[in-house]
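Residues 1 to 357, numbered by my numbering, are exactly what the sequence shown covers, in order. Glycine included, C-beta positions come from ideal geometry on N, C-alpha and C. Bear in mind the structure is a predicted one, so any value in this text is a computation, not a measurement. Working notes for the structure below.
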Amino acid sequence: MPDPASNSYCNLNVLSPDPICAGVFLPNLHAEVTPTEGHFIRSHFAAPKIDSSSWTLPITGDVDSPLSLSYDDLLKMPSHEIVSLMECAGNSRSTMQPPAEGVQWDNGAVSVSKWRGVSVKTVLEQASLKSKATDVLFEGADCGKEAHGNGDLVYAMSVPMAKLLEPDTILAYEMNGETLPEDHGFPIRLLVPGWYGMASVKWVAKITVMDHPNGGFHEKDYSIYPATDGKEDATVRRVTSLKVKSLVSTPTKGSVVSPGRHKVTGVAWSGDGHIVKVEVSTDDDRSWHTAKLEEPNGTHTWQHWEYDWDANSLGHTLLRSRATDSAGNVQQMLAPWNYRGYEVNSIHSVPITVRNS
Ligand SMILES: Nc1nc2c(c(=O)[nH]1)N[C@H]1C(S)=C(S)[C@@H](COP(=O)(O)O)O[C@H]1N2
Ligand SMILES: [Mo]
């Protein structure tokens, strides 16, 4: 009998049951590492059922020694562990003005996990790259129909070599010390730290080394199509690195608090260095105050922050947080609009009420 607790998603805010898209509840962002059952899930198609004992991973294309690895082969290779934040490129889409079509994420498509696996570099070295190799295509075992696609599409992404040769880019088989769960890509998923989640292909079935980016449906879909303003040459580019961002985790939207001292808490992260400053506004953008910020704790994870707020004016207000990263990027009130609603890092605005109880 299936364990009801394991497939009820009770620790997640489910936006779509099938395929499953489910976000974290913001107060759960307080954890250093998100508990596995509370990690957001974004699947385009139903999760494939894979038997790891008969599963094999072919690595072919522009290599001198094509090979095929079993699950056991991967488990026996030198392992590498990383703590890495993952955020869906469509996170906060519903807050973009005007919102784009797609899963209407509020802000919950972000989590941190401890992942263990084999560096992609180790696997590629074993296959021996040809000198013309520039990109590698990762195909998932899942497929289905997409809103603007033709026929059945396999979830697939190519990633440029420079990113793949970073030792922290891994083929993961463990999440938080346990076997990778089905929803997160069992038996093997790619993990591309510092990039939005779409590149971290789950249920990896096939690896093909190429001398150009593959340019398939999902690569084109996960691209920024900006407002053209009548100009035809507006540059289309792929979604890659995480933009600087912060979220208020408590209090949550709609909270009613009594006058007095309250802690405003949250997280901040960037794919472009660490966070150097988080400011908080409790008066609808009139004044900003520096929050207490946790030191960076590794390259790919979030930093928690908190601010002691003296809630002395009764009524409705907006709490906001604004992060600055070490490259000098600062969150703006409204992130630039784009057709698919990606990379939304607008300042998180949380309406709450101060009222005598
Ligand atoms: N094979 C496959 N890989 C996939 C996806 C998918 O639908 N199929 N979704 C991608 C997207 S858009 C995101 S945000 C992350 C989500 O990973 P998670 O469900 O483990 O949080 O997986 C990526 N990898
Ligand atoms: Mo995503």
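Just to confirm, does residue i get its C-beta within under 8 Å of one of the non-hydrogen atoms of ligand 2?
{"i": "R42", "result": "yes"}
{"i": "C10", "result": "no"}
{"i": "Y155", "result": "no"}
{"i": "G197", "result": "yes"}
{"i": "G90", "result": "yes"}
{"i": "A147", "result": "no"}
{"i": "A268", "result": "no"}
{"i": "A100", "result": "no"}
Using DSSP bridges, identify the partner residues of residue i.
{"i": "E363", "result": "Here the chain comprises residues numbered 1 to 357, so residue 363 is not present and cannot be evaluated."}
{"i": "R189", "result": "A172"}
{"i": "M86", "result": "S111"}
{"i": "Q303", "result": "A268"}
{"i": "A66", "result": "Before going further, note that residue 66 is Pro rather than Ala in the sequence given. According to DSSP, which records beta bridges pairwise, P66 is partnered with nothing at all."}
{"i": "M157", "result": "F138"}
{"i": "C21", "result": "S16 and R42"}
{"i": "T56", "result": "S70"}
{"i": "I352", "result": "T317"}
{"i": "P397", "result": "Coverage of the chain is limited to positions 1 through 357, which leaves residue 397 absent and any answer about it impossible."}
{"i": "I275", "result": "D325"}
{"i": "E368", "result": "Here the chain has residues from 1 to 357 only, and residue 368 is not among them."}
{"i": "T179", "result": "E174"}
{"i": "H262", "result": "W309"}
{"i": "S281", "result": "R320"}
{"i": "T208", "result": "T60 and L137"}
{"i": "K292", "result": "E306"}
{"i": "S241", "result": "W195"}
Can a CB atom of chain D be found closer than 9 Å to the CB of residue i?
{"i": "D325", "result": "Going by chain labels, chain D is absent from the structure shown, which holds only one protein chain."}
State yes or no: is the C-beta of residue i nearer than 8 Å to some heavy atom of ligand 1?
{"i": "D106", "result": "no"}
{"i": "F45", "result": "yes"}
{"i": "V201", "result": "yes"}
{"i": "H300", "result": "no"}
{"i": "G140", "result": "yes"}
{"i": "A109", "result": "yes"}
{"i": "G117", "result": "no"}
{"i": "R320", "result": "no"}
{"i": "G185", "result": "yes"}
{"i": "N77", "result": "First, the amino acid is wrong: residue 77 is Met here, not Asn. M77 Cβ: outside cutoff for every heavy atom of ligand 1."}
{"i": "H212", "result": "no"}
{"i": "H39", "result": "yes"}
{"i": "P193", "result": "no"}
{"i": "P35", "result": "no"}
{"i": "P425", "result": "Because the chain in this structure spans residues 1 to 357, residue 425 falls outside the shown range and cannot be described."}
{"i": "R359", "result": "Since the first residue shown for the chain is 1 and the last is 357, residue 359 is missing from the structure and cannot be characterised."}
{"i": "M161", "result": "no"}
{"i": "M96", "result": "no"}
{"i": "M86", "result": "yes"}
Could you give the C-beta distance for residue i and residue j, rounded to a whole number, given that I count them as a contact under 8 Å?
{"i": "V204", "j": "L165", "result": "Incorrect: roughly 17 Å between the Cβ atoms, too far for contact."}
{"i": "E306", "j": "A323", "result": "Contact flag wrong, Cβ pair sits at about 14 Å."}
{"i": "D64", "j": "S128", "result": "4 Å"}
{"i": "S79", "j": "M175", "result": "Their Cβ separation, rounded to whole angstroms, is 13 Å, which puts S79 and M175 out of contact at 8 Å."}
{"i": "T134", "j": "W195", "result": "Actually they are not in contact, since the Cβ atoms of T134 and W195 sit about 17 Å apart, beyond 8 Å."}
{"i": "N312", "j": "Q331", "result": "N312 to Q331, Cβ: 27 Å. No contact."}
{"i": "R261", "j": "D310", "result": "6 Å"}
{"i": "A227", "j": "W337", "result": "6 Å"}
{"i": "S158", "j": "E219", "result": "7 Å"}
{"i": "G254", "j": "P99", "result": "The pair is not a contact, with the Cβ atoms about 20 Å apart (cut-off 8 Å)."}
{"i": "A268", "j": "Q303", "result": "6 Å"}
{"i": "V83", "j": "T301", "result": "5 Å"}
{"i": "S249", "j": "N329", "result": "Incorrect: roughly 21 Å between the Cβ atoms, too far for contact."}
*asked:* Report the start-end ranges of each beta strand (DSSP E) in the region 110–155 that is 3 residues or longer and not cut off at the edges.
replied: Secondary structure in the region 110–155: the beta strand (DSSP E) runs of 3 residues or longer, each lying completely within the stretch, are 110–119 and 135–144 in chain order.
*If we count Cβ pairs, one from each stretch, closer than 8 Å, do we get three or more for the region 206–215 versus the region 98–109?*
Segments in contact, no.
_Within 8 Å, do at least three Cβ pairs link the region 148–157 to the region 119–126?_
Taking 8 Å as the limit for Cβ pairs, the verdict is that the region 148–157 does not touch the region 119–126.
*Hey, is the region 316–332 in contact with the region 269–287, meaning 3+ C-beta pairs nearer than 8 Å?*
A contact exists between the region 316–332 and the region 269–287.
*Three or more beta-carbon pairs under 8 Å between the region 181–194 and the region 40–57, yes or no?*
Taking a contact to require three or more Cβ pairs closer than 8 Å, the region 181–194 and the region 40–57 qualify as touching.
*For the region 239–247 against the region 263–281, are there 3 or more C-beta pairs whose distance is under 8 Å?*
Result yes; three or more Cβ-Cβ pairs closer than 8 Å.
*For the region 22–30 and the region 132–149, state whether three or more C-beta atom pairs, one from each stretch, are separated by less than 8 Å.*
No, they do not touch.
*Taking the runs of the beta strand (DSSP E) that are 3 residues or longer, which of them lie wholly in the region 295–347?*
Segments of the beta strand (DSSP E) lying fully in the region 295–347: 303–311 and 315–325.
*Are the region 80–93 and the region 9–19 in contact at 8 Å, needing three or more beta carbon pairs?*
With the cut-off at 8 Å, the region 80–93 and the region 9–19 do not touch.
*How about the region 33–42 and the region 13–24: do they share at least three Cβ pairs that are nearer than 8 Å?*
Touching, yes.
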